[in-house]
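Novice:
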DNA sequence: ACCGGGATGTTCT
DNA sequence: GAACATCCCGGTG
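Numbering (our numbering), first residue to last: 2 to 213.
1. To the nearest angstrom, how far is it from the Cα of residue 97 to the Cα of residue 117?
2. How close, in whole Å, do the beta carbons of residue 129 and residue 77 come, if the pair is a contact with beta carbons under 8 Å?
3. From residue 136 to residue 156, what does the alpha carbon distance come to, in whole angstroms?
4. Excluding five sequence neighbours on each side, which residues of the same chain lie with their C-beta closer than 7 Å to the C-beta of residue 65?
5. Fully enclosed by the region 161 to 201, which beta strand (DSSP E) runs are 3 residues long or longer?
6. Per the contact definition of three or more C-beta pairs closer than 8 Å, is the region 183 to 195 in contact with the region 156 to 169?
7. Given residue 92, which residues of its chain have a CB within under 7 Å of its CB, disregarding the five upstream and five downstream residues?
8. Assuming contact is defined by CB atoms lying nearer than 9 Å, are residue 89 and residue 69 in contact in what I supplied?
9. Take the Cβ of residue 42 as the centre, count every other Cβ of all protein chains shown within 10 Å, and call the residue buried at 16 or more, exposed below.
10. State the start and end residues of the unbroken beta strand (DSSP E) segment that holds residue 77.
11. Mind reading off the beta-carbon distance from residue 147 to residue 7? Whole number of angstroms is fine, and I expect it under 8 Å.
12. In whole angstroms, what separates the C-alpha of residue 172 from that of residue 142?
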């Protein structure tokens, strides 16, 4: 098993739509907590009415306009802290929302933080839950994800992204949700991915594409 | 399993 | 004052 390597800034310095599917199966690390990303969403600056950066820079979204490879954390619905990886290219305000992950280490800490979650599968299922499991808050906004011993980082442990990720529209948006915005990517069939829409949870097998 | 609503507070119009 | 990249609980079938 190769040593885990921190993703370099060049990984993030691209369109969020290119970065998002490649973040699947990477490992998010903060202190002793580690979890494998299985669901993400791309948000793309000026062309994306669903993005926080669509209407320009504000105090809240300033981190999105900063260096690719930064962590953009925002407060959602008066209750939850959600985390994004800032992307590019250059200073283009793109980002990838981290929506769900498989707990790998630091399970005691996660269980304590996620007291309401009964099952391990729910520790980091959904962006608010993921933020709570990792202990994110305002002080994490702007953290550099590319530092090998940084406070938060994303590493490659040798697990490749799925060859054919699940793809769908994004969750919970009033704007930017048509078929032109297939910006959500997930590991098809993984139980840690928040179920969407109707029907069965566990679609698996050869093809794997649009929804679960 | 599916749906409806309340919690809770920052951000922007 | 409305909207919001959400979560959880309780009702119903």
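C-beta: ideal position from N, C-alpha, C; glycine also.
Note that the structure is predicted; figures quoted are calculated from it, not measured.
Specialist: To lay it out plainly:
1. C-alpha separation (whole angstroms): 26 Å.
2. Contact holds; Cβ gap of about 6 Å.
3. About 18 Å.
4. Excluding its 5 nearest sequence neighbours in each direction, residue 65 has C-beta neighbours in its own chain below 7 Å: 53, 54, 73, 87, 94, 96, listed in chain order.
5. Within the region 161 to 201, the complete beta strand (DSSP E) runs of at least 3 residues are 167 to 169, 185 to 187.
6. The region 156 to 169 is in contact with the region 183 to 195.
7. Correct list, in chain order: 66.
8. It is a contact, given that the beta carbons lie within the stated cut-off.
9. By the 10 Å Cβ count, residue 42 comes out buried.
10. Judged by DSSP secondary structure, residue 77 falls within the beta strand (DSSP E) whose first and last residues are 72 to 77.
11. Correct: roughly 6 Å between the Cβ atoms.
12. Straight through space, the alpha carbons of residue 142 and residue 172 are spaced by roughly 22 Å.
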